[in-house]
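In our numbering, the protein residues as written are 11 to 220. In this text, a Cβ means the ideal position worked out from N, Cα and C, and glycines have one as well. What you are looking at is a predicted structure, and each value in this text was computed from that prediction instead of being measured. Note sheet for the following structure.
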């Protein structure tokens with residue numbers, strides 16, 4: 011039965027409740043569906059089907075809980091509106107420690123690589139790592155984790171997480187060509203390079219891929 015609410019605030023609260031209830035009891039299969047007709051045969055052969063696993067469900071549950079923290083949300087909203095006068099939205103979110111993304115779980119990452127639970131490698135490079143929350147899901151599979159990030163605040167967050175932060179324009183060059191004091195491999199070679207949610211935000215994505 012449809013509920014008619016005249017108060018805009020009451021309507022907003024009710025719609026939020028309905029939205030939360032819908033998603034809390036869903037495994038969101040439609041999030042992972044693809045349109046086969048838009049992919050080439052070559053891409054379909056390497057496509058790895060995923061689903062909402064336990065790590066993903068835990069992340070979503072945390073999001074539902076945080077969305078009910080009224081005063082925290084109010085504080086973040088006011089603070090963000092002020093901070094974005096002086097810095098980018100990305101940096102403001104990093105300073106407030108909010109807006110972290112969840113792209114892939116550790117088990118999903120293993121499946122994507124086609125490796126078992128015992129697989130381990132030397133080096134990971136995560137380009138555009140943000141606050142490092144996604145990097146942290148991949149990090150357990152590597153001895154050394156290197157990152158790049160444009161936002162100064164996010165670079166600070168990455169350092170807090172003990173990830174090595176490289177120069178965003180010189181990560182593929184030998185140490186003598188870099189201005190950073192960070193120790194990097196003599197010949198930059200990485201077992202895995204991740205580039206998540208980045209290609210649509212950079213000016214020359216094809217150059218980055220090459």
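Counting pairs of Cβ atoms below 8 angstroms between the segment 124 to 133 and the segment 104 to 113, do you hit three or more?
-> Using a C-beta cut-off of 8 angstroms, the segment 124 to 133 makes no contact with the segment 104 to 113, since fewer than three inter-stretch Cβ pairs fall below that distance.
State buried or exposed for residue 49, treating a residue as buried only when at least 16 other CB atoms are found within 10 Å of its CB.
-> Exposed, by the Cβ-count rule.
Any chance the segment 132 to 146 sits against the segment 76 to 96, with 3 or more Cβ pairs inside 8 angstroms?
-> The segment 132 to 146 is not in contact with the segment 76 to 96.
Based on Cα-Cα distance, which residue from 56, 199, 206, 42 lies nearest to residue 124?
-> Of 56, 199, 206, 42, the residue nearest in Cα terms is 56.
Residue range of the unbroken alpha helix (DSSP H) whose run includes residue 44 = No alpha helix (DSSP H) holds residue 44; DSSP gives it neither H nor E.
Under the rule that 16 or more other beta-carbon atoms within 10 Å means buried, what is residue 81, buried or exposed?
-> With fewer than 16 other CB atoms across the displayed protein chains lying within 10 angstroms of its CB, residue 81 is exposed.
Residue 134 bridges to which residues according to DSSP?
-> Within the DSSP bridge table, the entry for residue 134 names 155, 202 as partners.
Count the other CB atoms, across all protein chains shown, that sit within 10 Å of the CB of residue 147; report buried if there are 16 or more and exposed otherwise.
-> Here residue 147 is buried: its Cβ has 16 or more other Cβ atoms, across all protein chains shown, within 10 Å.
For residue 165, count neighbouring Cβ atoms within 10 angstroms of its own Cβ and tell me buried if that reaches 16, exposed if not.
-> Buried, because 16 or more other Cβ atoms sit within 10 Å of the Cβ of residue 165.
Is the shortest distance between the beta-carbon of residue 146 and the beta-carbons of chain D less than 8 angstroms?
-> Given the protein chain composition of this structure (a single chain), no chain D is represented.
Can you give me the Cβ contacts of residue 186 inside the same chain, cut-off strictly under 7 angstroms, excluding the 5 residues immediately before and after it?
-> For residue 186, the pLDDT reaches just 49, beneath the cut-off of 50, and the residue's location in the model is therefore unreliable, although a value from the coordinates is still provided. Excluding positions up to five away in sequence, the list is empty.
Backbone CA spacing between residue 161 and residue 43 [nearest angstrom] | The alpha-carbon atoms of residue 161 and residue 43 are separated by roughly 33 angstroms.
Status (buried if at least 16 other CB within 10 Å, exposed otherwise) for residue 77 = The C-beta of residue 77 has fewer than 16 other C-beta atoms within 10 Å across all chains shown, which makes the residue exposed.
Using DSSP with H/G/I as helix, E/B as strand and the rest coil, what is residue 175?
-> Strand at residue 175.
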